[in-house]
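In the working numbering, the protein residues as written are 3 to 121.
Scroll down for the structure; my scribbles are underneath it.
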């Protein structure tokens, strides 16, 4: 059975954050959040979309720190292979298939050149 938030998300792509806030959803309510289970330092937690978009589990959000992969000069956050072995996913997924449901909200390292880096 689909939750109300999931139905709304499917009906209104691009309005994920607005709809989730409206519905008051928080996937992590009553659970140990991924950034706590993985002991993420504040610098990572504060930038990671997993802690920003709490209406979805981290494995459904594109661009979380753990999903980052580099292909040449391009860095993407779509590698969900780490999720399959992650203790957070194993504990809270209920065995559901990993599917990215929130694209384009994550970290884009390719667009953020390091400050002070010399060529």
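Quick reminder that beta carbons are idealized off the backbone N, C-alpha and C, glycines included.
Note that the coordinates shown come from a computational prediction; the quantities given were computed from them, not determined experimentally.
- Query: Grouping DSSP H, G and I as helix and E and B as strand, with all else coil, what is residue 80?
  - Reply: coil
- Message: Rounded to the nearest angstrom, what separates residue 58 and residue 72 at their Cα positions?
- Response: 24 angstroms
- Cβ-based neighbour list, residue 104, same chain, cut-off 8 angstroms, excluding 5 preceding and 5 following: 18, 51, 55, 58, 62, 63, 64
- Residues that DSSP places opposite residue 73 in a beta bridge: 76
- Message: With H, G and I counted as helix, E and B as strand and the rest as coil, what does DSSP make of residue 63?
- Response: strand
- In whole angstroms, what separates the C-alpha of residue 30 from that of residue 36? 8 angstroms
- Spatial neighbours of residue 66 within its chain, please: CB distance less than 7 angstroms, with the 5 preceding and 5 following residues excluded, ordered by chain position. 50, 51, 52, 60, 79, 108
- Query: Going by beta carbon distance, what residues of the same chain come within less than 7 angstroms of residue 89, once the five residues before and after it are set aside?
  - Reply: 39
- Own chain, CB closer than 6 angstroms to residue 91, minus 5 neighbours either side, in chain order: 61, 85
- Query: How should residue 118 be labelled, buried or exposed, when 16 other C-beta atoms within 10 angstroms of its C-beta is the threshold for buried?
  - Reply: Residue placement at residue 118 is poorly supported in this model, since its pLDDT is 45, which falls under 50; the coordinates are not used for a value here.
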